[in-house]
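Enquirer: Residue numbers (my numbering): 2 to 277.
Backbone N, C-alpha and C fix where the C-beta goes; we use that ideal spot for every residue, glycine too.
Dumping the structure here so I can ask a few things about it.
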């Protein structure tokens with residue numbers, strides 16, 4: 002989910018419609034909103050010569066969308082063999098149980114409450130389905146259960162809501178924590194430096210073809226917002242709603258409730274570090 006409209010200087014990419022990389026295809030869920038941008042990106046992944054596919058984030062409980070994902074796999078000559086979740090927000094995970102019924106697959110996630118089957122997901126896990134390799138990257142902060150998936154063969158990372166294709170991500174206080182989120186951004190940046198990741202396949206919005214630039218932008222944006230919040234508190238704005246009105250005045254007011262969650266996370270972070 003996003004907490005702001007597109008910002009000046011943000012890296013951009015082409016809108017995804019169908020194939021995004023050699024192994025990744027997007028099926029866009031019909032749930033556009035201020036919080037979900039164009040809708041949720043459901044990712045269908047497979048090796049080109051494999052009959053098996055992996056789906057990341059089936060999306061909302063929308064029968065037409067879930068069947069469209071199955072159809073997209075079948076049209077590509079694939080059978081969905083595994084379902085993965087980046088995190089538990091309904092726009093990503095609500096349809097997972099029904100999708101599992103349609104495909105006969107297990108659902109793997111970090112949160113045990115979201116799993117269907119015996120296996121979860123955790124740091125260091127490597128998924129190999131039909132020859133496809135996905136490496137699990139813990140990226141908490143947006144939510145406590147947020148994960149990303151490194152797709153080495155395409156020099157890509159699937160980021161769920163941790164990094165979006167447009168705008169910036171809310172830190173969903175109290176479940177989300179800013180310190181963890183900043184660590185997650187640094188972890189993703191290290192993938193671009195140390196592992197050659199060039200492409201971001203986000204949970205909402207277009208593909209970003211400058212992964213390192215996206216991570217640098219997000220880190221700079223967070224530092225800028227944190228400084229603004231600190232200044233707002235110094236100027237006498239004490240509550241999260243007062244800080245939002247001062248700091249997020251340039252953001253659509255419909256997004257202020259989400260911004261308030263992020264401000265609570267920023268106030269907590271500043272307090273923990275003795276800055277306010």
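For residue 134, which of helix, strand or coil comes out of DSSP?
Expert: Your numbering for residue 134 matches position 133 in the chain shown. Correct three-state label for residue 134: strand.
Enquirer: For residue 61, is the classification buried or exposed, using 16 other Cβ atoms within 10 angstroms of its Cβ as the cut-off for buried?
Expert: Position 60 of the chain shown, counted from the start, is the residue given in the question as residue 61. Buried.
Enquirer: Hey, how far is the Cα of residue 14 from the Cα of residue 214?
Expert: By one-based count along the chain shown, residue 14 stands at place 13. By one-based count along the chain shown, residue 214 stands at place 213. Low confidence applies to residue 14: its pLDDT is 40, below 50, so where it sits in the model is not reliable enough to give any reading.
Enquirer: Contact check, residue 133 vs residue 121 under 8 Å by CB: the rounded distance?
Expert: Along the chain shown, read from residue 1 onward, the residue named residue 133 stands at position 132. Along the chain shown, read from residue 1 onward, the residue named residue 121 stands at position 120. Rounded, the Cβ-Cβ distance is 19 Å, inconsistent with contact.
Enquirer: Report the rounded CA-to-CA distance for residue 77 versus residue 271, giving the unit in angstroms.
Expert: Taking the first residue of the chain shown as 1, we reach residue 77 at position 76. Taking the first residue of the chain shown as 1, we reach residue 271 at position 270. Roughly 49 Å separates the two Cα atoms.
Enquirer: Is there contact between the stretch 173-191 and the stretch 135-151, where contact requires at least three CB pairs shorter than 8 Å?
Expert: Enough Cβ pairs lie closer than 8 Å, so yes.
Enquirer: If you pair each beta-carbon of the stretch 101-119 with each one of the stretch 26-41, do three or more pairs fall below 8 Å?
Expert: No contact exists between the stretch 101-119 and the stretch 26-41.
Enquirer: Which two residues bound the contiguous beta strand (DSSP E) that contains residue 157?
Expert: As a first step, residue 157 must be located in the chain shown, where it is residue number 156. Residue 157 -> beta strand (DSSP E) spans 157-161.
Enquirer: Quick one, are the C-beta atoms of residue 158 and residue 201 less than 8 Å apart?
Expert: Mapped onto the chain shown, residue 158 falls at position 157. Mapped onto the chain shown, residue 201 falls at position 200. Cβ atoms of residue 158 and residue 201: closer than 8 Å.
Enquirer: Can you tell me which residues form a DSSP beta bridge with residue 57?
Expert: Counted from its first residue, the chain shown places residue 57 at position 56. Partner(s): 44, 85.
Enquirer: Given a threshold of 16 other Cβ atoms within 10 Å of its Cβ, counted over all protein chains shown, does residue 168 qualify as buried or as exposed?
Expert: By one-based count along the chain shown, residue 168 stands at place 167. So residue 168 counts as buried.
Enquirer: DSSP on residue 242, reduced to helix/strand/coil?
Expert: Translated into the one-based positions of the chain shown, residue 242 becomes position 241. Of the three classes helix, strand and coil, the one that applies to residue 242 here is helix, per DSSP.
Enquirer: For the alpha helix (DSSP H) that contains residue 263, what are its first and last residues?
Expert: Within the chain shown, numbered from 1, the residue matching residue 263 stands at position 262. Start and end: 257-273.
Enquirer: Using only the alpha-carbon positions, how far apart do residue 231 and residue 82 sit?
Expert: Position 230 of the chain shown, counted from the first residue, corresponds to residue 231. Position 81 of the chain shown, counted from the first residue, corresponds to residue 82. Their Cα atoms are separated by approximately 48 Å.
Enquirer: Which residue spans inside the stretch 176-203 form an unbroken beta strand (DSSP E) run of at least 3?
Expert: DSSP runs (the beta strand (DSSP E)) wholly in the stretch 176-203: 200-203.
Enquirer: Report the three-state DSSP secondary structure of residue 62 (helix, strand or coil).
Expert: Within the chain shown, residue 62 is the residue found at index 61, counting from 1. Looking at residue 62 - three-state DSSP - the assignment turns out to be coil, as it is neither helix nor strand.
Enquirer: Classify residue 137: buried if its beta carbon has 16 or more other beta carbons within 10 angstroms, exposed otherwise.
Expert: In the chain shown, residue 137 corresponds to position 136, counting from 1. Counting Cβ neighbours within 10 Å, residue 137 comes out buried, since at least 16 surround it.
Enquirer: Is residue 116 helix, strand or coil when you go by DSSP?
Expert: Numbered from 1 along the chain shown, position 115 holds the residue referred to as residue 116. It is coil, neither helix nor strand.
Enquirer: Roughly how many angstroms separate the alpha carbons of residue 190 and residue 66, rounded to a whole number?
Expert: Mapped onto the chain shown, residue 190 falls at position 189. Mapped onto the chain shown, residue 66 falls at position 65. Taking the straight line from one Cα to the other gives about 32 Å.
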